[in-house]
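Residue numbering for the sequence shown is 1 to 234, as defined by the UniProt record's numbering.
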Amino acid sequence: RYNDTVALVNRLEPEVSALSDADLRARTSALQERARAGESLGSLLPEAFAVVREASNRVLGLRPFDVQLIGGMVLHKGEIAEMKTGEGKTLVAILPAYLNALSGKGVHVVTVNDYLARRDCEWVGQVPRFLGLQVGLIQQNMTPEQRRENYLCDITYVTNSELGFDYLRDNLAMTVDELVLRNFNYCVIDEVDSILIDEARTPLIISGLAEKPSDRYYKAAKIAEAFEQDIHYT
Numbered sequence: 001r002y003n004d005t006v007a008l009v010n011r012l013e014p015e016v017s018a019l020s021d022a023d024l025r026a027r028t029s030a031l032q033e034r035a036r037a038g039e040s041l042g043s044l045l046p047e048a049f050a051v052v053r054e055a056s057n058r059v060l061g062l063r064p065f066d067v068q069l070i071g072g073m074v075l076h077k078g079e080i081a082e083m084k085t086g087e088g089k090t091l092v093a094i095l096p097a098y099l100n101a102l103s104g105k106g107v108h109v110v111t112v113n114d115y116l117a118r119r120d121c122e123w124v125g126q127v128p129r130f131l132g133l134q135v136g137l138i139q140q141n142m143t144p145e146q147r148r149e150n151y152l153c154d155i156t157y158v159t160n161s162e163l164g165f166d167y168l169r170d171n172l173a174m175t176v177d178e179l180v181l182r183n184f185n186y187c188v189i190d191e192v193d194s195i196l197i198d199e200a201r202t203p204l205i206i207s208g209l210a211e212k213p214s215d216r217y218y219k220a221a222k223i224a225e226a227f228e229q230d231i232h233y234t
């Protein structure tokens, strides 16, 4: 099903590997222009994956295998790819994340805890940074201003709980200036079974102090006390 596309990526490898770092980075700008001009991400996929593969090899010393390219294609289509520990899930995720970030609408990479979000952002996040994209990170202790800045990056690493609570807080915001999230475009979810099934059974709740009754409630109570049974009500 994906073999033809993998073959296209492999055919581009000699050309892409011969590029200088600056020329490889320039491919990102060229791909972004084509995406914003209306070219489909599907048609950009072979070149985008070839660029990420080469950047990963230069920055991390890891060249994604053909099966990892297929995993990236599966994720790009919005489907689930099952991979065992040690098979390079984190590296696979950067392929569709980079591709979908070309539109300029942002990508979320969702993980189960702050440690993994930071680890992935600092490690594999080097690849899109090398290619000229902005990579952000959301952590529990961040201010609204810091959150807004990081959500505006091309790729943002965040936990499911932080993303969920930011969504709830945005829905409680009274002004546009209080919002931290941008419109949702595309996300890659790590440990998808845990996040969408196990974690989904735990509700996200924002609670606060109830407002104190205003004078109108005291006045209403006094009026109610003046009512007499069988005269004002039955």
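The C-beta atom is built at its ideal place from N, Cα and C for all residues, glycine as well.
Is the beta carbon of residue i less than 9 Å from the beta carbon of residue j?
i: residue 173; j: residue 133; result: no
i: residue 127; j: residue 98; result: yes
i: residue 110; j: residue 190; result: yes
i: residue 108; j: residue 52; result: no
i: residue 74; j: residue 186; result: no
i: residue 58; j: residue 130; result: yes
Quick one: Cα of residue i to Cα of residue j, how far?
i: residue 105; j: residue 6; result: 26 Å
i: residue 84; j: residue 144; result: 36 Å
i: residue 23; j: residue 167; result: 39 Å
i: residue 238; j: residue 217; result: Summary: the structure shown does not reach residue 238, with the chain confined to residues 1 through 234, and so no result is reported for it.
i: residue 64; j: residue 81; result: 15 Å
i: residue 137; j: residue 154; result: 11 Å
i: residue 48; j: residue 142; result: 32 Å
i: residue 135; j: residue 207; result: 32 Å
i: residue 147; j: residue 226; result: 54 Å
i: residue 36; j: residue 29; result: 11 Å
Along the chain, where does the beta strand (DSSP E) containing residue i start, and where does it finish?
i: residue 186; result: 186-189
i: residue 233; result: Residue 233 -> no beta strand (DSSP E), and no H or E assigned at all.
i: residue 109; result: 107-111
i: residue 205; result: No beta strand (DSSP E) holds residue 205; DSSP gives it neither H nor E.
i: residue 136; result: 135-137
Beta-carbon within less than 7 Å of residue i's beta-carbon, same chain only, minus the 5 sequence neighbours each way: which residues are those?
i: residue 289; result: There is no way to answer for residue 289, as the model of the chain reaches only from 1 to 234.
i: residue 164; result: 204
Excluding five sequence neighbours on each side, which residues of the same chain lie with their C-beta closer than 6 Å to the C-beta of residue i?
i: residue 170; result: 179 and 181
Please check the pair residue i and residue j, which I expect to be a contact at CB under 8 Å, by giving their CB distance rounded to whole angstroms.
i: residue 50; j: residue 9; result: 5 Å
i: residue 72; j: residue 92; result: 5 Å
i: residue 139; j: residue 118; result: 7 Å
Where do the N-terminal and C-terminal ends of the alpha helix (DSSP H) with residue i fall, by residue?
i: residue 180; result: It is not in any alpha helix (DSSP H) - residue 180 carries neither H nor E in the DSSP assignment.
i: residue 90; result: 89-101
i: residue 69; result: 66-76
i: residue 167; result: 160-172
i: residue 53; result: 41-59
Starting from the C-beta of residue i, find all residues in its chain whose C-beta is less than 8 Å away, skip the five residues before and the five after it, and write them out in chain order.
i: residue 113; result: 159
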